[in-house]
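Residue numbers (my numbering): 115 to 426.
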């Protein structure tokens, strides 16, 4: 007799056991991910949802006592978009972000390429480059505010040795944003160096050896070997750098407080002032949501373009 004739019928209990086994096998990966999902939902998802809800309410200090936050629809968004300060903050945010990211990345890449060559004290110098990244931002802004002070600042005193008159770095509306950008560049260079240097270390040395046989050295080696292999790391650095720079608050508040004449006011500082100075949490949440949308749009567009370019 064949095996088909010898097979026994499957009972209902055995069928349920098989189903439960399959279900448990499929659910096991999700059970391992469940703690992370719960953590993200509680500490990231809920605040974002609450911020969105708050932006449609008249949420003020009285709400904390009464528990009532009247629903105002898009009134908060209409108020901030029609405000004279919105255009100024958008322009300042764009200039602050573009200026910071451009020079942070350029200087960081140059230093990463420099430290790729082993030389005495290279490890020590790389460690020293991380110091600005380790210092609390509010402390860094306090030091830089003293360095850039018009009357007694160390920078103006140094320039005075060469006959240069005192420069109002942080009190002139035409120079204040430049001064804040320079400080933010100084703070962002260590991050760029650390990430880009690790990316350079991952490029196989065999590619350079093979390229040198074909005459690909110097700039040609960077263009045809280093840069293509570094592109994934560059994408991470650019996206994280932009998202971080868009939400910078402490450096600007510590240096200029958003002044003079709102010349260093950005979306992030405006949201802070609306929420924690004017205590208009509804409008502050609306500005924060605009900032989130700007960050999300940039990240999606940049990642989409960076994925398309290699195949074109």
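Cβ coordinates follow ideal geometry from the N, Cα and C atoms, glycine included.
Asked	Found
Residues near residue 388 in its chain [Cβ-Cβ closer than 7 Å; skip 5 each side]	394, 397, 398 and 401
Those residues which DSSP pairs with residue 185 across a bridge	171
Length at least 4, wholly inside the region 235-318: the alpha helix (DSSP H) runs in chain order	236-243, 245-248, 251-261, 268-274 and 290-315
Segment contact, 8 Å Cβ cut-off, at least three pairs: the region 269-283 with the region 344-358	no
Own chain, CB closer than 8 Å to residue 350, minus 5 neighbours either side, in chain order	309
Segments of 4+ residues assigned as alpha helix (DSSP H) that fall wholly inside the region 338-400	341-360, 364-369 and 381-390
Straight-line gap, residue 153 to residue 146 (C-alpha atoms, nearest Å)	13 Å
Beta-carbon gap between residue 252 and residue 368 smaller than 8 Å	yes
Beta-carbon proximity list for residue 60, same chain, < 7 Å, skipping 5 on both sides	Examination of residue 60 is not possible in this model, given that the chain is present from 115 through 426 alone.
Residue 232, DSSP secondary structure in three states	coil
Proximity winner among 244, 169, 376 and 302, relative to residue 219 (alpha-carbon distances)	302
Residue 377, buried or exposed, once every other Cβ within 10 Å from all chains shown has been counted against 16	buried
Whole-angstrom distance between residue 237 and residue 190, CA atom to CA atom	52 Å
Sufficient close CB pairs (3 or more, under 8 Å) joining the region 334-343 to the region 318-325	yes
Counted within 10 angstroms of its Cβ, other Cβ atoms place residue 135 as buried (16 or more) or exposed	exposed
Helix, strand or coil at residue 159 [DSSP, three-state]	helix
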